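So the numbering used here is basically just the index in the sequence shown, starting at one, shifted up by 3.
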Amino acid sequence: MSDVRPSDISMSSGVAKRVWFSLVDEYRTRVLPKDKSLLMWFIGLFLSVFKFMPLDTFRSRYTTTIADRIYTPYKVGEGDAIRDPDVFWRQIKLGVHEHTHILQYRSIGYLLFAYRYATSTRARAMYEAEAYATGIEMDLWRTSGAAIIDTGALAARLVAYGCKPSDIESAKALYDIAYARLRGAKKWKDPVLPARLSPVALLTIKTILTSHS
Ligand SMILES: [Zn+2]
4 MSDVRPSDIS MSSGVAKRVW FSLVDEYRTR VLPKDKSLLM WFIGLFLSVF
54 KFMPLDTFRS RYTTTIADRI YTPYKVGEGD AIRDPDVFWR QIKLGVHEHT
104 HILQYRSIGY LLFAYRYATS TRARAMYEAE AYATGIEMDL WRTSGAAIID
154 TGALAARLVA YGCKPSDIES AKALYDIAYA RLRGAKKWKD PVLPARLSPV
204 ALLTIKTILT SHS
């Protein structure tokens, strides 16, 4: 990898776009605007009718991945970094998160994945926990192991996914393992680091380093 310190790299709109471009190219996915999708409108309506979440919340706040299609509520690379300095970093992490779901469904087939995700809060919590754990990888990489991560707060996000307290506890345990495994600057200088990271996070880090140099 490179000698540059990740914390010195500006996570700009251009870097976010290049990350998404490389992920879409590697995993042969498509990124589509959520607000123009009829399918997303129907799903949002379904969720609001069953009081899962309001239609506007679904359409404006959540990215939804269905098979190879990723529906984003905004255009990648667009955002106001002056008002919100982390906007493009979050877009980068979102790309890693959603492509982790792509690998999950490809490992067992989309129908089985969708069935488990929809019918079991436990399975949903574990799929989301694995995807959110890539955010821990990315934040620790960016800070050379120094990021303080509140794994309890991260697990509590799964309440919005309809997960039960026991599912959330399991997700927290998974985050704690990922965090303990990777934190500490020494480990980040370890030459076997690539073996410790998920493939999507690793590809993203390589893209950031090459688009920076
Ligand atoms: Zn997710």
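All C-beta atoms, glycine included, are put in the ideal place defined by N, C-alpha and C.
The structure displayed is predicted, hence computed values, not measured ones.
Residue environment, residue i, which counts as buried when at least 16 other CB atoms sit within 10 Å
{"i": "Ile61", "result": "A quick correction: the sequence has Phe, not Ile, at residue 61. Phe61 is buried by the Cβ-count criterion."}
{"i": "Ile85", "result": "exposed"}
{"i": "Ser201", "result": "buried"}
{"i": "Lys37", "result": "buried"}
{"i": "Arg8", "result": "exposed"}
{"i": "Arg145", "result": "buried"}
Any non-hydrogen atom of ligand 1 within 7 Å of residue i CB
{"i": "His104", "result": "yes"}
{"i": "Ala134", "result": "yes"}
{"i": "His100", "result": "yes"}
{"i": "Glu131", "result": "yes"}
Own chain residues within Cβ distance below 8 Å of residue i, not counting five before or after
{"i": "His104", "result": "Thr68, Tyr130 and Ala134"}
6 Å Cβ shell around residue i - same chain, five flanking residues per side excluded
{"i": "Asp142", "result": "Ala150"}
Assumed close pair residue i, residue j - CB separation to whole angstroms, cut-off 8 Å
{"i": "Leu26", "j": "His100", "result": "Leu26 to His100, Cβ: 11 Å. No contact."}
{"i": "Ile73", "j": "Val34", "result": "5 Å"}
Neighbourhood of residue i by C-beta, 7 Å cutoff - its chain only, sequence neighbours within 5 removed
{"i": "Lys96", "result": "Gly138 and Met141"}
{"i": "Arg119", "result": "Ala126"}
DSSP bridge partner residues for residue i (one or two, in chain order)
{"i": "Thr75", "result": "Pro36"}
{"i": "Ile69", "result": "Arg72"}
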